[in-house]
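In UniProt numbering, the protein residues as written are 1 to 271.
For glycine and all other residues, C-beta sits at the position ideal for the given N, C-alpha and C.
Bear in mind the structure is a predicted one, so any value in this text is a computation, not a measurement.
Data first, discussion second: the structure below is written as structure tokens.
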Ligand SMILES: [Mg+2]
């Protein structure tokens, strides 16, 4: 009998102990949501999945196919040009995303500047061969990126180190005041016929994607469906982008980690 009572008390003690522990862990998750841990699956995919590499090769193979078609039918009076984004389109900054997870910190201009100054970003698979091919066909390349214009020197050096053509101040157009890229595309358009655009973010292609909600972005993507793989070549980037900042978080940069976590869960679809 004594043993029975002891066993019951022991079991109750263990049960209550476990329950308290589970409650504590849940509370910690709610009150101490990590800043970047949720991005780890995206980073793992970019850095490890052969499918990611296959998709970037696919994008650049398609770009070359389209360029050949364009050159075969070219009757433009202006010289033709390709406009391309840089980050996650032809340079791989995934180690920066890795650092954010390691330090559990949001984007900061200082940390980003630290990474850019390293000039260590690798070429994305397929990118270098394509842009060299364009150069060999006398097609000019303009790099329109929202890296800060104060990072022009490091950016050009990184591009040069990797062997990208046209990596100079005339062809690398970084952000001065506005992140809106349409005005920089207009500058290129004055002297060149833009025949292909490459990017990982839809605002790399058209101004209709600037400052858009998830709903508008998707409707605009539907309206331009014939342009993708034709004039617009899209590279995959599940790590960050307007889809997240302007879409998921609706342009609000002041959410707490817990609020962001709640928003992320609300915006998933189950059945
Ligand atoms: Mg980009």
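query                                                                                                                             : result
Other residues of its chain near residue 47: CB distance less than 8 Å, five sequence neighbours each side excluded               : 94 and 98
Cβ-based burial, residue 36 [other Cβ within 10 Å; buried from 16]                                                                : buried
Test item: CB-CB of residue 146 and residue 91 under 8 Å                                                                          : no
Terminal residues of the beta strand (DSSP E) in which residue 193 lies                                                           : 193-199
Under the three-state DSSP convention, the category residue 257 falls into                                                        : helix
Residues that DSSP places opposite residue 142 in a beta bridge                                                                   : 83
Extent of the continuous alpha helix (DSSP H) run through residue 70                                                              : 50-72
Burial state of residue 162, where buried means 16 or more other Cβ atoms lie within 10 Å                                         : buried
Ligand 1 heavy atom lying under 7 Å from the CB of residue 199                                                                    : yes
Contact under 8 Å by Cβ, residue 72 with residue 198                                                                              : no
Contact under 8 Å by Cβ, residue 173 with residue 184                                                                             : yes
Alpha-carbon to alpha-carbon, residue 106 and residue 191                                                                         : 39 Å
Between the CA atoms of residue 53 and residue 274 - distance to the nearest angstrom                                             : Outside the modelled stretch of the chain, which goes from 1 to 271, sits residue 274, for which no answer is possible.
CB of residue 200 within 8 Å of CB of residue 241, strictly                                                                       : yes
Segment contact flag, the region 77-87 with the region 111-120, C-beta cutoff 8 Å, min 3 pairs                                    : no
Delimiting residues of the beta strand (DSSP E) encompassing residue 233                                                          : 232-234
Beta-carbon contacts of residue 102 that lie in its chain and below 6 Å, excluding the five residues immediately before and after : none
Nearest residue (CA-CA) to residue 236, options 259, 212, 168 and 204                                                             : 204
Coarse secondary structure for residue 123, derived from DSSP in three states                                                     : strand
Selected residue, minimal CA-CA separation from residue 289, among 238, 224 and 60                                                : Only positions 1 to 271 of the chain appear in this structure, which leaves residue 289 out of reach.
The alpha helix (DSSP H) enclosing residue 159, as first and last residue numbers                                                 : 152-162
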